[in-house]
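Residue numbers (the numbering used here): 16 to 689. For each residue, glycine too, the CB sits at the ideal point set by N, CA and C. Report on the structure given below.
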């Protein structure tokens, strides 16, 4: 279609002015302006309902073009239209042969690279202990075509040791090291943050990482160090805190490598940056763009020019739920969209059953196909930087970068990221952010669909792999003990049969310690309540319930009755089927008594409350004097009178739902036998 045709088409519609839009918004908001729809992120960044060119003037746009500094718009001038980003899947089945089967199926059905989560014990990943075990898992894999990355369990570590095992496998199987597409992902900073300790001092760990990188330089197209921001995210950190932790970690590695004699370009090429992506795709797209802006600024300060970076985006663990986990498919889809549009080089989606247990074939298939559909059916990679020039994304991205730079400077001012971890200063900052996040979750200002909102009590859970039937794995110190911590010595010992446990340092040495950054899932507090309610249901055969004391007609009580049902379902408490509308309050009280429920909630309009709420409470109290009686709605100035009449509590939008549900559970005696 020619431009003239488009002009003629648009001319058929009346000209619309912003003032008209604002007038319609104010009408919908009953006289309030669109500014009332503004919200602030936890970093204090304002998210507006409408952005204009004045927010990000295109004439002064500093972002340049894709593939050009400061690389906000991506590292590539042109995307690969066939594979715009690397689809990376995690393999973590404890059994070696089952892990190999998962790996091969993934590669055969659309995954472009594999991440092996290694855990010698088999508790949190593939029970790989030796080169022979690795040979079973990687049998038939063409690692010069399909990249293989390592991921180590936080409980075990094995960063440098796992890298030595992979290098030994490559050498022993006759691979051309210069063609192997490995991501060794050694990351002592991330290991310290997650586990709270290293097997050696922090300085020694960084020195060992440098010697590893130099000794393994024959793997010329591989990446060696993972700069991981996820520990900050998964413990509840804000976008700015996650980026600051990532950049501060990257700076520490960059300094270490440059001090060891590498150029900044050589050092930068060895790094793979890893970041979490959540369900708020506009915010996550902006975060990825902000990360590239920050790193360009850092590398420019180290050298003569800004450099690009390689980014792996991994769907957030903290957003995934084990209640109504089917909704996780939507969360992962949003995360995938954010990663793809935000310009990530690699995208990894956690299985939608990740919070329940080990993913089965269906969950793995959905994880693969979500990305394949995004690329091939939704054509997300056909346009390079589709978010470019969007006033909202550009402005939010810049604001996040500014906020993150301030946190980064604070970390650097305290001696760098390792010092900030060891002192506990950064953990305290994250704890404050986590508390704010969890308060928002508790008040349902940030809703969790299927958990805190619209909970489905009698849900059907998806299947996961039953790991209880798998044989227990015992870790062994087998094979020669390395003569030193030099990487070549570790590889040599691994070739001769040394296990991961044998490769660990055995001599007494100083150990780096800090309070670990424990990961959270934001849905857990609600899920614990559901667990208690389910346990009671299983024990007694009857689910804990609340009686809906509905006043007036269905039209008058339905909205607040639905709100109440949704409110208590989040705690695993069902509602007693109501016979409303009632002819009298006495009839309602008789129904309450017959229900056997201990809890009751009066539901109706404010007008009906003024006329009948007090009398209704007295009638309910007369039917059962130990009842706990709620009223759905804000009591306002009438609260004292309502309480005098026998109403114990009030539920409404904005109240701390968790607090109310915990009190209800206490009244019902739930969880007392736990």
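Report the CB separation of residue i from residue j in whole angstroms; it is logged as a contact under 8 Å.
i           : j           : result
residue 231 : residue 200 : Contact flag wrong, Cβ pair sits at about 13 Å.
residue 422 : residue 264 : The pair is not a contact, with the Cβ atoms about 13 Å apart (cut-off 8 Å).
residue 445 : residue 293 : Actually they do not touch by this definition, with Cβ atoms about 16 Å apart.
residue 686 : residue 582 : Actually they are not in contact, since the Cβ atoms of residue 686 and residue 582 sit about 19 Å apart, beyond 8 Å.
residue 187 : residue 146 : 6 Å
residue 519 : residue 214 : 6 Å
residue 268 : residue 236 : With 8 Å as the limit, residue 268 and residue 236 do not qualify as a contact, their Cβ atoms being about 19 Å apart.
residue 371 : residue 337 : 5 Å
residue 162 : residue 196 : 4 Å
residue 383 : residue 126 : 6 Å
With H, G and I counted as helix, E and B as strand and the rest as coil, what does DSSP make of residue i?
i           : result
residue 353 : helix
residue 306 : helix
residue 456 : helix
residue 241 : strand
residue 640 : coil
residue 590 : strand
residue 253 : coil
residue 400 : coil
residue 16  : At residue 16, the pLDDT of 49 sits below 50, so the modelled position is not reliable; the number obtained from the coordinates is stated separately. Residue state, collapsed to three classes: coil.
residue 380 : helix
residue 55  : strand
residue 547 : helix
residue 330 : strand
residue 143 : coil
residue 130 : strand
residue 314 : helix
residue 200 : strand
residue 152 : helix
residue 521 : coil
Go through its chain and collect everything with a Cβ distance to residue i's Cβ below 6 Å, but skip five positions before and after it.
i           : result
residue 541 : 466, 467, 585
residue 308 : 85, 87, 416
residue 645 : 616, 664, 666
residue 369 : 335
residue 689 : Legend: pLDDT at residue 689 = 43, less than 50; position of this residue unreliable, no value from coordinates given.
residue 339 : 465, 471, 474
residue 325 : 287, 360
Alpha carbon to alpha carbon, what distance is there between residue j and residue i?
i           : j           : result
residue 132 : residue 228 : 21 Å
residue 288 : residue 154 : 28 Å
residue 672 : residue 135 : 42 Å
residue 51  : residue 357 : 28 Å
residue 442 : residue 609 : 52 Å
residue 301 : residue 642 : 50 Å
residue 150 : residue 184 : 7 Å
residue 209 : residue 614 : 43 Å
residue 398 : residue 569 : 51 Å
residue 282 : residue 345 : 38 Å
residue 148 : residue 592 : 58 Å
residue 299 : residue 600 : 52 Å
residue 411 : residue 248 : 18 Å
residue 92  : residue 216 : 42 Å
residue 313 : residue 684 : 56 Å
residue 512 : residue 461 : 52 Å
residue 480 : residue 110 : 11 Å
residue 16  : residue 390 : With a pLDDT of 49 at residue 16, under the threshold of 50, the modelled position of this residue cannot be trusted; read the value that follows with caution. In a straight line, the C-alpha of residue 16 is about 26 Å away from that of residue 390.
residue 675 : residue 469 : 17 Å
residue 435 : residue 31  : 53 Å
residue 202 : residue 179 : 14 Å
residue 496 : residue 485 : 30 Å
residue 530 : residue 303 : 28 Å
residue 659 : residue 60  : 44 Å
Give every residue of the same chain whose Cβ lies closer than 7 Å to the Cβ of residue i, excluding the five residues on either side of it in the sequence, and list them in chain order.
i           : result
residue 637 : 604
residue 549 : 587
residue 96  : 396, 397
residue 67  : 406
residue 440 : 429
residue 255 : 58, 415, 418, 419, 422
residue 114 : 106, 108, 141, 152
Near residue i, which residues of its chain fall below 8 Å by C-beta distance, leaving aside the five closest residues on each side in sequence?
i           : result
residue 280 : 318, 322
residue 490 : 135, 136, 144, 514, 515, 516
With contact counted as at least three CB pairs below 8 Å, one residue from each stretch, are the region 352-371 and the region 324-332 in contact?
yes
Across the region 106-114 and the region 73-80, are there enough close Cβ pairs to call them in contact, namely three or more that are closer than 8 Å?
no
At least 3 beta-carbon pairs within less than 8 Å: the region 371-387 vs the region 500-508:
no
Three or more C-beta pairs closer than 8 Å, one from the region 519-539 and one from the region 554-572: is that the case here?
no
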